[in-house]
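Reviewing the structure listed below.
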Amino acid sequence: MDIILCIKQVPDVTEADLKIDREEKSIIRDDLEMVINEWDNYAVEEAVRLKEKHGGKITVITLGDEESEDVLRRALAMGADQAIRIDEEGFENSDPRGIALGLYHIIKELDFDLILTGAQSSDIGWGQVGVRLAEMLNIPYATLAMGIEVVDGKIIVKRELESNTFEKVELDLPALVTVQTGINEPRYVSIMGIRRVRKLKIEEKDIDELGISEDEVGEKGSIIESIRLMFPPEGEGAEILQGSLDEICEKLAQIIREKGGLY
Amino acid sequence: MIPQREIFWHISYKGLFYLLAFMSISVFFYGLVRHISVWRAGLRKQKIIFLWGAVKRVFLEGILAGRILRGDLNAGIMHLFIFWGFFLLFLGTLVLAFDHWIFHFLFGTCYLLFSLCLEIAGLILAVGLIWAFVRRYVKKVKRLENKKEDLLLLLWLAIIVVTGFLLEGMRISAQSPSWGIFSFLGFFLRDLFPKHVALDMYPFFWWLHALLSLSFVAAIPFTKMFHVIASPISIYIKDQPAFIIPAEQKQAGQFSYKELIQIDACTKCGRCVEMCPSTSVGEPFAPRDVISALRNQIYFRKDINLPSKLIWYCTTCGACLEVCPVYVPPFEIIRELRSKQIEDGTEVPALMIQTLERLYKYNNPWVSTKKKRADWAKGLDIVDITKQDEKELLCYFVGCTTSYDIRAQEIAKSFSKILKYCDVKFGIFGKKEPCCGDIARRVGEDGLFEEQADLCLDLFQEYGIKEVVVSSPHCLYTMKNEYPCLREEIQNISFFHYSQILEKLIKEKNLVFKKLNMRVTYHDPCYLGRHNKIFDAPRNVIKAIPGVKLVEMEHFRENSLCCGGGGGRMWQEELDIEVRMSERRIMEACDTGAEVLITCCPLCLIMLEDARKSKELENTIKVMDLNEFVLMALKT
Ligand code: SF4
Ligand code: SF4
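Quick mapping for you: the protein sequence lines, in order, are chains X and P. Letter by letter, the first sequence follows residues 3 to 265 of the numbering used here. Letter by letter, the second sequence follows residues 4 to 639 of the numbering used here.
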C-alpha cells in the first residue's frame, strides 16, 4: 500500500509568551521553536504502522521554507521512504485552498493508494487542506480518523464523533483520510534516528515547476482574507488568586471541585 | 607396606574412563570458548589494562571471598565451605594425575597427609552443601530464587560427595589398610559394607562417581556454575577505565565487553533484589531477573519475554552494585536495554517521549522555553559568565531542575547567597546553560546525551572554565565520569558538588554560625554518595553548626535509600505502585525523631518534599536543602 503523507511544521507555543506582529496578521515567530504539527505526527505514525503491516512505501510532502525540512527528516526517521518539499516562495499567506492546490499539483503525478494528513493544524487550524485536496483529486475521503483498517482492497475508517461516539465508514481506494490525535501512540524519534537520515536527499519543487501561476495561490489567490489576529480580551470574570503557592493551589483545587471539574 | 593408593584399583575399562574424561574436558572447553567469543565481540573498541589493585581484589574478594563475608556472614561462610571443599578436591584430582603420570611422590607420610587433606575437603564441601540446602529449602532465605537448576546442581554435588565417601568406605573395607583412619569418614563407613559386598559394589559406585564428576565439569559453562570462571574476571575488570562508544559507532543496545562479562558473572544470589528500592516497595521489578534473563538470552539463546515496561522502573540508584559480590551493575545494563527501546521508539513511555523532545528543543526536561532558565537569579545580582570578560571565576552550573523547579530554585538562591557572603567570585551561564545530559544518558538516549554534553563542553572551553560547582549530584556524576570519555581536553577541569565547596568555605573562612538547637537527619542522595563517594562533606557541614545534633536513619551512607527520582523516574508517569520510595524514606526520617531532614540534591528535595505532603507530615518534619540550612544558621 503506497501512502502519501502531507505534513507541516508549526511553531511550538505550549509555554511561550506569544506576541502578535504590528500588522496584526500573525504571531512573532523569531523566538519560537518549530515542531511537527501534532495531528500530523499521529498521521505519520499511522502511515508507518500501515506500512509495517501491509508493505508499500511512504512519500512525505510538506510545503514550507528550508527549515521545515526538519519535519520531513523526522518523518523519514520514523519510517517514511522519500520526502518532497514544496518551496514556500509564492505560497506565503495562502489560504487552505492555495496550500491544497500546491499539494494537488505534485500528488496528481504520483501513484498512491492512500493519502494521510492531520485533521487540522495547530497554528491556523482550518482543517480544510485535506478535504480540499481530496476534492481536487476527486477521490473519497474521511475526516477525524481514530482507526484505519485495510480490508479487501478497501479501507474502513473509524471516525470520532461527539460525546464519545464513533462511526465506521468504508472507502474505496485511493482515498484520503485526515487523522485525529489519539489514533495511536506516536513513537519516539531518537537523535541517532534523525542523524541516520541526515544524508537522504529531499526532493524540492517550486511554484514554477508545479506549473502554478502566482495569482492562484498566496495572498493574491486567496479567497479568504485574514483581517486581524488578536488575543482574547481580558474577560470580566477572571479572578486572580492571591496568597502563597500552597494557598493558591488549595483555592484553585476548590474552585475546580466546585465547578464539577473533578469527579 | 608403604601407605599409598593404587589408581584404578579394582576397575577395568580404564580406556573408557580416559575417553569420558576427554569428552568432558572437550565439552567444557567448547562451552568456555562460546562464552569467550561473546565477550570478545564486545571488546573490539576497548583494551583491558593491567591493574595490580585488581589482582589483589580478585584474590581477596574472589578467592578468599571477603566481599561475600562482609555482606552476609551466614551465606559467606557457606560459600567459603563449598568453594574451598570443591577447590581442594579439584586440586587433589590434579595432584593425583600428576602423581600417576609424571612423578610418583604420593606414598608414605606424603600420601597420608594428602589423604587427610582430601578427607577434610570432602567434609567441608559436605557441610557447605547441607548448609546450602538448609538455607534454600528449610530457612527459605527470601532473596534466593529456587529454580530447577539450583536444586539440580546441589543434588549433583551432594551425590558426588556421598558416593565419594561410600567408595572410600568400600575400599577400606576391602583392603583394610592399616592407615585407613586417615580417611576417617570412609573408615567409619567401612562397617556398612562386608568385604565381598564392597568388592561387588565398588566398580558400580566408582563409575557413578566418575560419571557424575566428569559431567559436572562439562556442565559448568552451561549452568550458573560458570560463575567460578566469570566472577573473578568480573571482579578484575571492575575499575577498568570508563569508556563510552560514541553513539554513531555502535548499535543501540550493544553491550560492551565489560557488561557482557558482568552479565555472565551473575550468580543469581539475589543480594541486589534485597537492596533494590523498587523491588522493596513492591514494584514488579527485580534486577536479578533482568540480568539472568539476559544471560539466558545472550549465552544460551533462550528467548526471554521481559515485559518492555520493566526496564523503566530502575532509578539507577546503585544500591545493587554496592552489595553485588561480583560487581554487576544492573543499572548500566538496563541503560543499554533502554537505549535499544529508545532507538526502536515504539515502547518508550509517553511522558518520557515528551520529556526527551523538550530536552532536545529546549535543553531542559521541565519547561518548553530556554528563556526562563535564569529567572531564579533575578534580583540577586549574579554574574553571567557569557556576558563579561573576567576569567578564573568559579563556574556555578545550576542544572535544569534547580533552575526551573520552584522548590529546587531555593537551592540556587541560598547557595548563591552563601557564596556572596563569603566573597567568592562566581558566575553562571544564565540562559545559555544547557542540560548536562544526565537524564538522556540514564534513559539510553545516547545521541541526545552527546549533544547536550557537547553544548556544556563547548561552553566550558569557550569561557576557559577551570572549576565547576554543580547543584545536582547527577550533573557531577556525568561531568566527572562520563565527559572525559567524550573529550580528553577537559581533564584539567575540576568538578565539585556544592557540599564540598561549603565544607571548604567553612574551613577556610572560619564561618561563624549562630547556635541552632536542632535534631536533624541527613539523606545521602544516591548520586552524591554511592555514585560519587561523597559522604562526609555534607555531614561535616552540618556538624560545623553549633547545637545541631545529627542523627542517622536506618539506611545511611552506602546503604542509603533511594528517593525514587533518579534514572529518569522523575519524568515518568506514576508506574502503578502502592508505596512510593520517597514515602518510605520520609517515614524513616521521621523515625529518627529529627525536626529537619537535610538533603543535597534537587531531585531528592522535590521527591521528599512531595512525600512529606502526601503523608501529611507538614507539622512533623521539615525537608531542607543543605544550603538553606547553612544560610539559616548564618543569618544574624
Ligand atoms: S547481579 Fe550480583 S547481586 Fe544480583 S543476583 Fe547477580 S550476582 Fe547477585
Ligand atoms: S540501580 Fe537501584 S533501582 Fe536500579 S536495579 Fe539497582 S538497586 Fe534497583
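By construction, the Cβ of each residue, glycine as well, lies at the ideal position given by its N, Cα and C atoms. On a predicted model such as this, the values are computed, not experimentally measured, just so you know.
query: Can you check whether the CB of X:K10 is closer than 8 Å to the CB of X:N39?
result: X:N39 places its beta carbon less than 8 Å from that of X:K10.
task: Using a Cβ-Cβ cut-off of less than 7 Å, list which residues of the stretch 616-635 of chain P approach chain X; keep chain order.
output: Within the stretch 616-635 of chain P, no residue has a Cβ that lies closer than 7 Å to any Cβ of chain X.
query: X:V191 CB to nearest chain P CB: under 8 Å?
result: Cβ-Cβ to chain P under 8 Å: yes for X:V191.
query: Looking at P:G321 and ligand 2, is the gap between the Cβ and the nearest heavy atom below 7 Å?
result: Flag set: Cβ of P:G321 near ligand 2.
- prompt: What does X:M194 reach in chain P if we use C-beta pairs closer than 8 Å?
  reply: Within 8 Å Cβ-Cβ: A250, E251, A255, E346, D449 and G450.
field: Proximity test, Cβ basis, 8 Å: P:V446 and chain X
entry: No, no contact with chain X.
Where P:H500 falls: helix, strand or coil (DSSP): DSSP places P:H500 in strand when its eight states are reduced to three.
message: Against P:E612, what residues of chain X qualify as contacts under a CB-to-CB distance less than 7 Å, listed in chain order?
response: Neighbourhood of P:E612 in chain X, by CB distance below 7 Å: empty, with the nearest CB roughly 11 Å away.
- request: Return the chain-ordered list of same chain residues with a C-beta closer than 6 Å to the C-beta of X:V50, the five sequence neighbours on each side being excluded.
  value: Contacts found: M80 and G81.
task: Say whether the stretch 362-382 of chain P touches the stretch 271-278 of chain P, bearing in mind that this needs 3 or more beta-carbon pairs closer than 8 Å, one atom from each stretch.
output: Judged by Cβ distances under 8 Å, the stretch 362-382 of chain P makes no contact with the stretch 271-278 of chain P, as fewer than three pairs qualify.
- request: Starting from the C-beta of P:D201, find all residues in its chain whose C-beta is less than 7 Å away, skip the five residues before and the five after it, and write them out in chain order.
  value: Checking the sequence, you will find Ala at residue 201 of chain P rather than Asp. So the qualifying residues of the chain are M173, S176 and A177.
- request: For P:L489, I'd like the list of residues in its chain whose CB is within less than 6 Å of its CB, leaving aside the five on either flank, ordered along the chain.
  value: Contacts found: A456.
query: How would you list, in chain order, the residues of chain P whose beta-carbon sits under 8 Å from the beta-carbon of X:D14?
result: One finds K364 and S371 in chain P with Cβ atoms closer than 8 Å to the Cβ of X:D14, taken in chain order.
query: Under a Cβ-count criterion, where at least 16 other Cβ atoms within 10 Å of its own Cβ denotes burial, should X:V62 be classed as buried or exposed?
result: Burial state of X:V62 is buried, judged by a 10 Å Cβ sphere holding 16 or more other Cβ atoms.
- prompt: Helix or strand or just coil, what does DSSP make of X:G223?
  reply: Annotated three-state conformation of X:G223 is helix, per DSSP.
The stretch 301-310 of chain P touching the stretch 590-599 of chain P, judged by at least three CB pairs closer than 8 Å: Judged by Cβ distances under 8 Å, the stretch 301-310 of chain P makes no contact with the stretch 590-599 of chain P, as fewer than three pairs qualify.
query: First and last residue of the beta strand (DSSP E) that includes P:D628?
result: Taken as a continuous stretch (DSSP letters only), the beta strand (DSSP E) holding P:D628 covers K625 to D628.
- request: Have a look at the DSSP bridge pairing and note the partners of X:P13.
  value: DSSP lists X:M36 as partners of X:P13.
message: Closest to P:Y530 by C-alpha separation, out of P:G568, P:S497 and P:R587, would be which residue?
response: Among P:G568, P:S497 and P:R587, the Cα nearest to that of P:Y530 is on P:G568.
task: Note down the Cα distance separating X:L112 from P:F225, rounded to an integer number of angstroms.
output: P:F225 has its alpha-carbon roughly 57 Å from the corresponding atom of X:L112.
query: When you compare only the Cα positions, how much space is there between P:V326 and P:Y239?
result: Distance between P:V326 and P:Y239, taken at the CA atoms: about 16 Å.
Chain X residues whose Cβ lies nearer than 7 Å to that of P:L359: Below the 7 Å Cβ cutoff, chain X contributes Y190 as neighbours of P:L359, in chain order.
field: Among X:G195, X:G66, X:M148 and X:E238, the one whose alpha carbon lies nearest that of X:E164
entry: Residue X:M148 is the option with its Cα nearest to X:E164.
query: How would you list, in chain order, the residues of chain X whose beta-carbon sits under 7 Å from the beta-carbon of P:A353?
result: P:A353 reaches chain X at E187, counting residues in chain order whose Cβ is nearer than 7 Å.
P:S259 versus P:I51: straight-line alpha-carbon distance, rounded: Approximately 12 Å, taken between the alpha carbons.
message: In this structure, how does DSSP classify P:G430 when only helix, strand and coil are distinguished?
response: Here DSSP, grouped into helix, strand and coil, assigns P:G430 to strand.
- prompt: Are any of the Cβ atoms in chain X nearer than 8 Å to that of P:T595?
  reply: The Cβ of P:T595 sits no closer than 8 Å to any Cβ of chain X.
field: Contacts of P:E454 in chain X (Cβ-Cβ under 9 Å)
entry: Correct list: I193.
query: For the alpha helix (DSSP H) that contains X:E71, what are its first and last residues?
result: Element bounds for X:E71: E71 to M80.
query: Once you ignore the five residues that flank P:L217 on each side, which residues in its own chain have a CB closer than 7 Å to its CB?
result: Result list for P:L217: L23, A24 and S27, in chain order.
query: Considering only residues of the same chain and omitting the five flanking positions on each side of P:S15, which have a CB-CB separation below 8 Å?
result: Around P:S15: P206.
task: Per DSSP, which residues does X:Q84 bridge with? Please list them.
output: Beta-bridge pairing links X:Q84 to X:T61.
task: Give the secondary structure of P:G402 by DSSP, where H, G and I count as helix, E and B as strand, and everything else as coil.
output: P:G402 falls in the coil class under three-state DSSP.
task: To the nearest angstrom, report how far apart P:W379 and P:E612 are at their CA atoms.
output: CA-to-CA, the gap between P:W379 and P:E612 works out to about 19 Å.
message: For a test of your reading of the model: does the CB of P:F334 fall under 7 Å from any non-hydrogen atom of ligand 2? Yes or no.
response: Yes, Cβ of P:F334 sits closer than 7 Å to a heavy atom of ligand 2.
- prompt: Could one say the Cβ of P:T226 lies closer than 8 Å to chain X's Cβ atoms, at least one of them?
  reply: It does not: the Cβ of P:T226 has no partner Cβ on chain X nearer than 8 Å.
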